[in-house]
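*Asks:* Before anything else, here's the structure in question.
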Amino acid sequence: MNTAKLIYQESQILPENLQAEVLDFIGYLKSRYVVEPETADFQSKITVLESAFAPYRKSLTGFTFNRDEANER
(Lines of atoms letter the chains of each structure in order from A and count residues from 1; the text may use other names and numbers.)
(Lines give C-alpha, C1' and ligand atoms only; values in the text may rest on other atoms or scores of the structure.)
Protein backbone atom coordinates (compact mmCIF):
# COMPACT_ATOMS: atom_id res chain seq x y z
CA MET A 1 0.00 0.00 0.00
CA ASN A 2 1.43 3.39 -0.90
CA THR A 3 1.78 6.21 1.58
CA ALA A 4 -1.10 8.33 0.26
CA LYS A 5 -3.54 5.43 0.59
CA LEU A 6 -2.27 4.69 4.08
CA ILE A 7 -2.73 8.33 5.12
CA TYR A 8 -6.25 8.26 3.68
CA GLN A 9 -7.10 5.01 5.49
CA GLU A 10 -5.77 6.24 8.81
CA SER A 11 -7.55 9.59 8.50
CA GLN A 12 -10.90 7.86 8.01
CA ILE A 13 -11.00 6.69 11.64
CA LEU A 14 -10.35 10.18 13.00
CA PRO A 15 -13.15 12.53 14.04
CA GLU A 16 -13.93 15.46 11.70
CA ASN A 17 -12.01 18.03 13.77
CA LEU A 18 -8.83 15.93 13.72
CA GLN A 19 -9.21 15.32 9.98
CA ALA A 20 -9.24 19.12 9.59
CA GLU A 21 -5.99 19.30 11.59
CA VAL A 22 -4.39 16.70 9.30
CA LEU A 23 -5.47 18.72 6.28
CA ASP A 24 -4.09 21.89 7.87
CA PHE A 25 -0.78 20.11 8.53
CA ILE A 26 -0.58 19.00 4.91
CA GLY A 27 -1.09 22.64 3.88
CA TYR A 28 1.70 23.65 6.25
CA LEU A 29 4.07 21.06 4.76
CA LYS A 30 3.27 22.23 1.22
CA SER A 31 4.04 25.83 2.15
CA ARG A 32 7.16 24.95 4.11
CA TYR A 33 8.72 22.68 1.48
CA VAL A 34 8.47 23.33 -2.23
CA VAL A 35 6.69 20.35 -3.72
CA GLU A 36 6.83 20.15 -7.48
CA PRO A 37 4.55 17.82 -9.36
CA GLU A 38 6.30 14.72 -10.66
CA THR A 39 4.13 14.26 -13.74
CA ALA A 40 6.01 16.72 -15.97
CA ASP A 41 9.38 15.38 -14.87
CA PHE A 42 8.21 11.79 -15.29
CA GLN A 43 6.89 12.46 -18.79
CA SER A 44 10.16 14.09 -19.85
CA LYS A 45 12.09 11.06 -18.58
CA ILE A 46 9.80 8.76 -20.57
CA THR A 47 10.38 10.83 -23.70
CA VAL A 48 14.16 10.69 -23.24
CA LEU A 49 14.09 6.93 -22.71
CA GLU A 50 11.84 6.33 -25.73
CA SER A 51 14.17 8.32 -27.97
CA ALA A 52 17.24 6.52 -26.56
CA PHE A 53 15.78 3.08 -27.26
CA ALA A 54 14.14 3.97 -30.60
CA PRO A 55 17.02 2.56 -32.71
CA TYR A 56 16.61 -0.83 -31.03
CA ARG A 57 12.85 -1.10 -31.57
CA LYS A 58 12.05 -4.02 -33.87
CA SER A 59 8.79 -5.42 -35.12
CA LEU A 60 8.14 -8.87 -33.68
CA THR A 61 5.18 -9.61 -35.92
CA GLY A 62 5.26 -13.20 -37.01
CA PHE A 63 7.94 -14.16 -34.49
CA THR A 64 7.44 -17.46 -32.70
CA PHE A 65 9.58 -18.53 -29.81
CA ASN A 66 10.94 -22.06 -29.88
CA ARG A 67 12.31 -23.03 -26.49
CA ASP A 68 14.19 -26.09 -27.75
CA GLU A 69 15.91 -24.09 -30.47
CA ALA A 70 16.87 -21.41 -27.96
CA ASN A 71 18.28 -23.99 -25.56
CA GLU A 72 20.43 -25.48 -28.31
CA ARG A 73 22.29 -22.19 -28.74
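Heads up: the sequence shown runs through residues 5 to 77, numbered per this note's numbering. Idealized CB from N, CA, C, for every residue including glycine.
Helix, strand or coil, according to DSSP, for F67 in the structure here?
*Replies:* Numbered from 1 along the sequence shown, position 63 holds the residue referred to as residue 67. F67: coil per DSSP, three-state reduction.
*Asks:* Please state the DSSP three-state secondary structure of R77.
*Replies:* In the sequence shown, the residue the question calls residue 77 occupies position 73. If DSSP states are grouped into helix, strand and coil, R77 belongs with coil.
*Asks:* Tell me where the alpha helix (DSSP H) around I17 begins and ends.
*Replies:* Position 13 of the sequence shown, counted from the first residue, corresponds to residue 17. Here I17 belongs to no alpha helix (DSSP H), and DSSP marks it neither H nor E.
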